[in-house]
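Just so we're aligned, residue 26 is where the sequence shown starts under my numbering, counting upward by one.
Every residue, glycine too, gets a C-beta built ideally from N, C-alpha and C.
Reading through the structure tokens given below for one structure.
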Amino acid sequence: MDEFQQGEQGIGATPAGRLDRLNGRIVLWLARVAALMLAGIGLMTFCDVVLRYVFSAPFNFTVEVTEIMMGLMVFLGIGLATHEKRHIGVDALTMRLSRRSNAILDMLMSIIVLAMSCVLVWQLFLKAGVLLQKGDYTQIRKIPYWPGAYTMAFGCLF
């Protein structure tokens with residue numbers, strides 16, 4: 026049974042289980058937003074190429090919007106990969122370890138990832154505040170950087 030559909034008897038019966046399910050739903054929606062951004066980048070690039078070569082009138086914002094959306098895609102999608110434990114692992118090592126050793130290694134890696142994620146979220150929020158205070162924006166279309174930075178920090182939080 027899918028972990029998002031477990032009833033009162035399973036993981037969902039505990040507060041930690043409910044929190045895990047809520048986080049799973051949130052990161053799934055954030056990943057869907059990231060997927061829509063990827064589709065938007067593809068569509069925008071296609072239209073830009075057609076306009077450039079057929080009408081000699083390309084978009085002037087493609088590079089800026091793509092840069093911002095790529096950063097957002099990474100930080101909105103990373104939560105789902107972490108939640109579903111789909112990150113990169115070295116099977117050559119873990120296959121040779123006992124079940125107990127794998128559990129210990131998994132716990133240690135989770136602690137390291139939690140610490141790194143906390144630092145990353147903290148630094149992203151600080152950077153977003155600096156970008157907001159300074160009023161930094163892109164060169165051509167004058168798109169402010171701070172909303173994207175806050176969104177990246179929020180996405181990384183999950």
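Query	Result
Is the separation between the beta-carbon of LEU76 and that of PHE84 shorter than 8 Å?	yes
Have a look at GLY49, VAL90, TRP147, LEU156 and flag the residue whose alpha-carbon is nearest the alpha-carbon of ILE165.	VAL90
So if DSSP puts TYR162 in a beta bridge, which residue, or which two residues, is it bridged to?	PRO169
Which whole-angstrom value describes the C-beta separation of LEU101 and LEU55, a residue pair presumed to lie in contact below a C-beta threshold of 8 Å?	4 Å
How would you label GLY104, buried or exposed, when you count the other beta carbons within 10 angstroms and need 16 or more for buried?	buried
Looking at VAL99 and PHE183, is the spacing between their C-beta atoms short of 8 Å?	no
Give every residue of the same chain whose Cβ lies closer than 6 Å to the Cβ of PHE80, excluding the five residues on either side of it in the sequence, and list them in chain order.	none
Just mark ALA128 as buried or exposed, buried being the case when its beta carbon has 16 or more other beta carbons within 10 Å.	exposed
Within 10 angstroms of the Cβ of LEU149, are there 16 or more other Cβ atoms? Answer buried if so, exposed if not.	buried
Quick one: Cα of ARG125 to Cα of LYS110, how far?	18 Å
Which residues in the same chain have their Cβ closer than 6 Å to the Cβ of ASP45, if we skip the five residues on either side of it in sequence?	none
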